[in-house]
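Enquirer: Note that this note's numbering has the sequence shown beginning at -18, numbered continuously upward.
A virtual CB, placed ideally from N, CA and C, is assigned to each residue, including glycine.
Predicted, not measured: the structure shown is a model, and the values here were computed from it.
Quick one: structure below, then a few questions.
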Amino acid sequence: MATNKEPYEQNYYPPVPTPFTLYTRCSVCWQFFRFIALNIKMMKVVMRSKH
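What follows is the structure, given as structure tokens:
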């Protein structure tokens, strides 16, 4: 049934973000781009609901 597990196996640690992920979290340019993209998506939804 269940096997014994070591207390500090790799499965017990959270994944470490990649350098690209860290860059996208800190980059103001990338965050601005995502902000504009999100606003466009929201505007599309609002425009569809008004018809």
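In three-state DSSP terms, what is Tyr(-7)?
Expert: Position 12 of the sequence shown, counting from 1, holds the residue named residue -7. Of the three classes helix, strand and coil, the one that applies to Tyr(-7) here is helix, per DSSP.
Enquirer: Give the DSSP-derived three-state secondary structure of Thr(-1) in the structure shown.
Expert: Here residue -1 refers to the residue found at position 18 of the sequence shown. DSSP places Thr(-1) in the coil class of the three-state scheme, outside both helix and strand.
Enquirer: Compare the beta carbon distance of Trp11 and Thr5 with 8 Å and say whether it is the shorter of the two.
Expert: Position 30 of the sequence shown, counted from the first residue, corresponds to residue 11. Position 24 of the sequence shown, counted from the first residue, corresponds to residue 5. Yes, Cβ-Cβ distance for Trp11 and Thr5 is below 8 Å.
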